[in-house]
Amino acid sequence: MPRVGGAFALFRRKWPTPVWEPMAPFIIAGGIVYYGVWQGQNALTDTDEFRNDPRNRNAKPSKPEAH
Numbered sequence: 001m002p003r004v005g006g007a008f009a010l011f012r013r014k015w016p017t018p019v020w021e022p023m024a025p026f027i028i029a030g031g032i033v034y035y036g037v038w039q040g041q042n043a044l045t046d047t048d049e050f051r052n053d054p055r056n057r058n059a060k061p062s063k064p065e066a067h
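Numbering-wise (the UniProt record's numbering), the sequence shown opens with residue 1 and increments by one.
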């Protein structure tokens, strides 16, 4: 009998093992950690030390000096 579907035929098979139910707490926790790190990074970019740093994306560009 010829093989139909190639290498990805294994991914189309329905496996009796639950995947999403046991992984749901880890996926949700990963989202919460991602959001927390994102908010922490935004809070640190607003500190006095990095407010005017040219690497800061939120820094206002300095005006060039007039000649």
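The C-beta atom is built at its ideal place from N, Cα and C for all residues, glycine as well. Predicted model only: the values in this text are computed from it and were never measured.
Residue i versus residue j - alpha carbon distance
i	j	result
ASN56	GLU21	40 Å
MET23	TYR35	19 Å
PRO25	LEU44	28 Å
Nearest to residue i (by Cα), restricted to the options the options
i	options	result
THR47	ALA59, GLY36, TRP38	ALA59
Sequence-distant residues of the same chain with beta carbon closer than 8 Å to residue i, five excluded per side
i	result
ASP53	ALA59
Beta-carbon proximity list for residue i, same chain, < 6 Å, skipping 5 on both sides
i	result
ILE28	none
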